[in-house]
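In short: position in the sequence shown from 1, add 13, done, that's our numbering. Note that CB positions come from ideal geometry on N, CA and C, so glycine has one too.
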Amino acid sequence: MSMRIQACLLALILLLACSPAGQVKFTEEDGEIGVHIDGKPFTTLYYGDGAPKPYLHPLRAASGTIVTRHYPMEDIEGERQDHPHHRGLWFTHGEVNGADFWANEPDRDFPRKGTVSPGEVRTEGDSIVGSFVWKDHNGKPIVQEDRRMRFHAAGPNRVIDFDLRLTALGGEVHFGDTKEGTFAIRVATPLEEQHARATGVTRTGVLTAANGKSGEKAVWGKRSPWMDYSGEIDGEKLGIAIFDHPSNPKHPTYWHVRSYGLFAANIFGEHHFYADDSKDGSITLQSGESLRFLYRVVIHPGDVKSADVAGLYEKYKSEPSSSQIE
14 MSMRIQACLL ALILLLACSP AGQVKFTEED GEIGVHIDGK PFTTLYYGDG
64 APKPYLHPLR AASGTIVTRH YPMEDIEGER QDHPHHRGLW FTHGEVNGAD
114 FWANEPDRDF PRKGTVSPGE VRTEGDSIVG SFVWKDHNGK PIVQEDRRMR
164 FHAAGPNRVI DFDLRLTALG GEVHFGDTKE GTFAIRVATP LEEQHARATG
214 VTRTGVLTAA NGKSGEKAVW GKRSPWMDYS GEIDGEKLGI AIFDHPSNPK
264 HPTYWHVRSY GLFAANIFGE HHFYADDSKD GSITLQSGES LRFLYRVVIH
314 PGDVKSADVA GLYEKYKSEP SSSQIE
């Protein structure tokens, strides 16, 4: 082999070795930012006029399989059209100074409906960085949300790291005790656990907590540092895990998770979760004070054991945060 060919081969090997794994690219339109990983579509952030709150839709596994419900953004045969406020992946709460940011769909007319207005939203490296103002039912700004979402591939997994900061604006802000919140995903219909209302679509999902307990009855309202929702879609075994960072308020979080596909971490709903009206999970911030939440979402092949979700969480909690808000 000539020296020139050897040199070319060496250059090619070095180029491949230095190429970023899971390269992230963005496409931007008015009120939308598409996310591509390794040249394939992964998700889109919607935050413009048509979005009652910022949300990611759909989420995909590395294979390209969509793991979140399409409704209400799209009508797909076999999907039940309930809870239209369950949009892909979102982060809001149902009672903030009396306003509801959880079920705030534009076609719902009720006096407590809050709104979320975007400020600057931009891409930065492998991340989307943005700010949003939560306005109460009178249009008064009460919370500033600053967030960073970092997208990356980790072997066969697709990963999003969230850094979310909520700051009280112009006075006291009360995050009330309700199960209707907070960091949430609505999973695809085949990933749902079995439940009473059939749709004609086979449902294969199972919810699993860090202590190994599984099923809605065993894990709803319970505390756990992570939760996994796994099943099969068209014969492909896959799942979604949500990790609650040890630095988060009230860690480990409580879980508002349902057999019909709701998958949510919520620290505020204690009187619901304990079925005890003497419990109060609310948090009140004074003007300028903040709450900060770090979460990781992992979309993985296989089930909770074959994906080693427990091991992935142990690695996550020991990592320095790579998604910090500036």
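Note to self: Suppose contacts are defined by Cβ-Cβ distances below 8 Å. Is G44 in contact with Y59 by that definition?
What the structure shows: Position 31 of the sequence shown holds residue 44. Position 46 of the sequence shown holds residue 59. For G44 and Y59, yes; Cβs fall inside 8 Å.
Margin query: Looking only at its chain, what residues have a beta carbon closer than 6 Å to the beta carbon of T191, apart from the 5 residues adjacent to it on each side?
Written below: In the sequence shown, the residue the question calls residue 191 occupies position 178. Result list for T191: G107, E108, G282, in chain order.
Next item on the list: Using a threshold of 8 Å, state whether the C-beta atoms of Y200 and V80 are closer than that.
Entry: Position 187 of the sequence shown, counting from 1, holds the residue named residue 200. Position 67 of the sequence shown, counting from 1, holds the residue named residue 80. For clarity, residue 200 is Val in the given sequence; the question names Tyr instead. Cβ atoms of V200 and V80: closer than 8 Å.
Check: Should Y329 be labelled buried (16 or more other beta-carbon atoms within 10 Å of its own) or exposed?
Finding: As a first step, residue 329 must be located in the sequence shown, where it is residue number 316. Buried, since its Cβ has 16 or more Cβ neighbours within 10 Å.
Check: Between the C-alpha atoms of P85 and L304, what's the straight-line distance to the nearest angstrom?
Finding: Along the sequence shown, one-based indexing puts residue 85 at 72. Along the sequence shown, one-based indexing puts residue 304 at 291. P85 and L304 have their C-alpha atoms some 30 Å from each other.
Item checked: Bridge partners - H70, DSSP secondary structure assignment -> Looking up residue 70 in the sequence shown gives position 57. For H70, which the question treats as bridged, DSSP gives the partners T57.
Next item on the list: Answer yes or no: do Y308 and I255 have a C-beta to C-beta separation smaller than 8 Å?
Entry: Residue mapping note: residue 308 aligns to position 295 of the sequence shown, counting from 1. Residue mapping note: residue 255 aligns to position 242 of the sequence shown, counting from 1. Yes, these two residues count as a Cβ contact at 8 Å.
Notebook entry, point to check: With a CB to CB cut of under 7 Å and the five nearest residues on each side skipped, what residues in its chain are close to F39?
Noted result: Residue mapping note: residue 39 aligns to position 26 of the sequence shown, counting from 1. Closer than 7 Å at Cβ, skipping near neighbours: I46, G47, V48, T136.
Next item on the list: Count the C-beta pairs between the segment 222-229 and the segment 288-302 that are closer than 8 Å, then say yes if the count reaches three, no if not.
Entry: Too few Cβ pairs lie closer than 8 Å, so no.
Check: Which residues does DSSP pair with N117 in a beta bridge?
Finding: Within the sequence shown, numbered from 1, the residue matching residue 117 stands at position 104. N117 is not bridged to any residue.
Check: When DSSP labels each residue in this structure, what does F123 get in the three-state scheme?
Finding: Along the sequence shown, one-based indexing puts residue 123 at 110. In the structure shown, F123 sits in coil (DSSP, three-state: anything other than H, G, I, E or B).
Checklist line | Neighbourhood of G294 by C-beta, 6 Å cutoff - its chain only, sequence neighbours within 5 removed | finding: For the purposes of this step, residue 294 is identified with residue 281 of the sequence shown, where counting begins at 1. Counting only Cβ-Cβ distances below 6 Å, and skipping sequence neighbours, we find D190, F281, G282, E283.
Next item on the list: Grab the span of the alpha helix (DSSP H) containing E229 for me, first residue to last.
Entry: Here residue 229 refers to the residue found at position 216 of the sequence shown. Per DSSP, E229 belongs to the alpha helix (DSSP H) from 229-232.
Next item on the list: Output yes or no for whether 8 Å exceeds the beta carbon distance between V37 and H165.
Entry: Position 24 of the sequence shown, counted from the first residue, corresponds to residue 37. Position 152 of the sequence shown, counted from the first residue, corresponds to residue 165. Contact flag set, yes.
Note to self: Let's test the definition: count the other Cβ atoms within 10 Å of the Cβ of S291 and tell me whether it reaches 16, buried, or not, exposed.
What the structure shows: The sequence position of residue 291 within the sequence shown is 278, counting from 1. S291 is exposed by the Cβ-count criterion.
Checklist line | Euclidean distance between Cα positions of K389 and I141 | finding: A query on residue 389 cannot be resolved here, the shown segment of the chain reaching from 14 to 339 and no further.
Next item on the list: Just the C-alpha distance for G143 and K318, rounded to the nearest angstrom, thanks.
Entry: The sequence position of residue 143 within the sequence shown is 130, counting from 1. The sequence position of residue 318 within the sequence shown is 305, counting from 1. Answer to the nearest angstrom: the Cα atoms are 35 Å apart.
Note to self: Does L325 come out as helix, strand or coil in the three-state DSSP assignment?
What the structure shows: Against the sequence shown, residue 325 aligns to sequence position 312. L325 sits in a helix when the DSSP states are folded into three classes.
Next item on the list: For K38, name the three-state secondary structure that DSSP assigns.
Entry: As a working note, residue 38 is residue 25 in the sequence shown. Three-state result, K38: strand.
Margin query: Extract the residue ranges of the alpha helix (DSSP H) inside the segment 182-219, only unbroken runs of 4 or more that lie entirely within it.
Written below: Fully enclosed alpha helix (DSSP H) runs of no fewer than 4 residues are not present anywhere in the segment 182-219.
Note to self: The beta strand (DSSP E) that contains H49, what's its start and end?
What the structure shows: Along the sequence shown, read from residue 1 onward, the residue named residue 49 stands at position 36. From DSSP, the beta strand (DSSP E) with H49 extends over 45-50.
Next item on the list: Determine, using beta-carbon pairs with one atom in the segment 152-165 and one in the segment 227-238, whether at least three such pairs fall under 8 Å.
Entry: No: fewer than three Cβ pairs fall under 8 Å.
Next item on the list: Would you kindly report the start and end of the unbroken alpha helix (DSSP H) that includes H285?
Entry: Counting from one through the sequence shown, the residue named residue 285 turns up at place 272. 283-286 is the extent of the alpha helix (DSSP H) around H285.
Note to self: Taking 8 Å as the threshold (C-beta atoms), are E229 and R216 in contact?
What the structure shows: Here residue 216 corresponds to residue number 203 of the sequence shown, with the count starting at 1. Here residue 229 corresponds to residue number 216 of the sequence shown, with the count starting at 1. A distance of 8 Å or more separates the beta carbons of R216 and E229.
Notebook entry, point to check: Rounded C-beta distance between P71 and G101? I'm assuming under 8 Å.
Noted result: Position 58 of the sequence shown, counting from 1, holds the residue named residue 71. Position 88 of the sequence shown, counting from 1, holds the residue named residue 101. With a Cβ gap of about 6 Å, P71 and G101 count as contacting.
Check: How close, in whole Å, do the beta carbons of P203 and I246 come, if the pair is a contact with beta carbons under 8 Å?
Finding: Within the sequence shown, the letter at position 190 stands for residue 203. Within the sequence shown, the letter at position 233 stands for residue 246. Under the criterion of beta carbons closer than 8 Å, P203 and I246 qualify as touching, at roughly 5 Å.
Note to self: Looking at the strands, I want to know which residues DSSP matches up with A167.
What the structure shows: For this step, residue 167 is matched to residue 154 along the sequence shown. Note: A167 sits in a beta bridge opposite N170.
Next item on the list: Would you mind reading off the limits of the beta strand (DSSP E) that contains D88?
Entry: The sequence position of residue 88 within the sequence shown is 75, counting from 1. No beta strand (DSSP E) contains D88, which DSSP labels as neither H nor E.
Next item on the list: Could you tell me which residues DSSP puts in a beta bridge with D241?
Entry: Sequence index remark: in the sequence shown, residue 241 carries index 228 (1-based). DSSP lists T221, A254 as the bridge partner or partners of D241.
Checklist line | Which listed residue (I198, P265, V270) has its alpha carbon closest to that of A231 | finding: Taking the first residue of the sequence shown as position 1, residue 231 is located at position 218. Of the listed residues, the one whose Cα sits closest to A231 is V270.
Checklist line | Selected residue, minimal CA-CA separation from I370, among R171, E118, A288, H258 | finding: Absent from the model: residue 370. The displayed extent of the chain is 14 to 339, so no value can be given.
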